[in-house]
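>
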Amino acid sequence: LQSALPRTMTDCEFMYIHSLAEDYLQYVLKVPTFESAPSKTSRVLQRVASSVQKEVEKNLKLYLDDFDVRSIDTARTIFNQVMEKEFEDGIINWGRIVTVFAFGGVLLKKLAQEQIGLDVGAYKQVSNFVAEFIMNNTAEWIRQNGGWEDGFMKKFEPKSGWVTFLETIGQIWEMLFSPQATLLAREDPGSFDNGDHHLVLPFANNSADRT
Numbered sequence: 008l009q010s011a012l013p014r015t016m017t018d019c020e021f022m023y024i025h026s027l028a029e030d031y032l033q034y035v036l037k038v039p040t041f042e043s044a045p046s047k048t049s050r051v052l053q054r055v056a057s058s059v060q061k062e063v064e065k066n067l068k069l070y071l072d073d074f075d076v077r078s079i080d081t082a083r084t085i086f087n088q089v090m091e092k093e094f095e096d097g098i099i100n101w102g103r104i105v106t107v108f109a110f111g112g113v114l115l116k117k118l119a120q121e122q123i124g125l126d127v128g129a130y131k132q133v134s135n136f137v138a139e140f141i142m143n144n145t146a147e148w149i150r151q152n153g154g155w156e157d158g159f160m161k162k163f164e165p166k167s168g169w170v171t172f173l174e175t176i177g178q179i180w181e182m183l184f185s186p187q188a189t190l191l192a193r194e195d196p197g198s199f200d201n202g203d204h205h206l207v208l209p210f211a212n213n214s215a216d217r218t
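Under this note's numbering, read the sequence shown as residues 8 to 218, first letter to last.
#1: Sorted by chain position, which residues of the same chain lie with C-beta nearer than 6 Å to isoleucine 99's C-beta, five sequence neighbours on each side aside?
#2: Going residue by residue through the stretch 54-89, where are the continuous alpha helix (DSSP H) segments of at least 4 residues, counting only ones entirely within it?
#3: Tell me whether asparagine 100 sits in a helix, a strand or coil according to DSSP, three-state version.
#4: Are the stretch 74-85 and the stretch 107-122 in contact at 8 Å, needing three or more beta carbon pairs?
#5: Going along the chain, which residues of its own chain have a beta-carbon closer than 6 Å to the beta-carbon of leucine 162, five neighbours each way excluded?
#6: Determine contact between the stretch 43-56 and the stretch 87-99, defined as no fewer than three beta-carbon pairs at a distance below 8 Å.
#7: I'd like to check one pair, glutamine 60 with tyrosine 130: are the Cβ atoms closer than 8 Å?
#8: Which residue comes first and which comes last in the alpha helix (DSSP H) that contains tryptophan 148?
#9: Given a cut-off of 8 Å on the beta-carbon distance, is the pair glutamate 121 and valine 63 in contact?
#10: Under three-state DSSP, which class holds glutamate 95?
#11: Would the beta-carbon of valine 107 fall within 8 Å of that of phenylalanine 136?
#12: Hey, does serine 43 have any beta-carbon neighbour from chain D nearer than 8 Å?
#13: If you draw a straight line from the C-alpha of isoleucine 24 to the C-alpha of methionine 142, how long is it?
#14: Do lysine 117 and leucine 67 have their C-beta atoms within less than 8 Å of each other?
#15: Quick one: grab the DSSP three-state call for valine 38.
#16: Hey, how far is the Cα of phenylalanine 159 from the Cα of phenylalanine 86?
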């Protein structure tokens, strides 16, 4: 799909998504920035993705405690395996796209906890593979569904100035709760296996996926 588009278009899209990823991961690590303030879209993404990340870290603490994420390469490998499993059914929606950012944040925090003296620029490297995955797997869907301004923002921008944590989680869960919407299949031997357990993010249930 990308090959049929002008290179300048795909380059601009990648740079935009990469900037969203960088802003979010800086937010996760609380890295001070002296650049211009994040865009409105970036701020909304930070709110939504951080809500999802908190829920993941709370519900999967026992699994995440056993994660051994000591290098960017390890983080990239885990990220790619989990994300490939999440999207293997071909279903794309804004909720799933948000989880890509959120899971990048989960891994970056683990990396910061386990690697003493982590390079402050590590978030840029994680931003690279987060943005690459989104571009390679969801860029066409994003274009067809209003883009970030007319699609994502209309879905998640607060209507009354703010949205509570539970309302945000409810919006995400509504999109992700479906029989197909698991980040890792519970019994798939090809999925990322952490010791004797398969990591399963809590995004699967039995109600319909709507968006």
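Just so you know, even glycine gets a beta-carbon here, dropped at the ideal spot from N, CA and C.
In short, the structure shows the following:
#1: Thr145 and Trp148
#2: 68-72
#3: coil
#4: yes
#5: Reading off the sequence shown, one finds lysine at residue 162, where the question assumed leucine. The answer, listed in chain order, is Trp101.
#6: no
#7: no
#8: 129-151
#9: no
#10: coil
#11: no
#12: Note that chain D does not occur in the displayed structure, where there is just one protein chain.
#13: 8 Å
#14: no
#15: coil
#16: 23 Å
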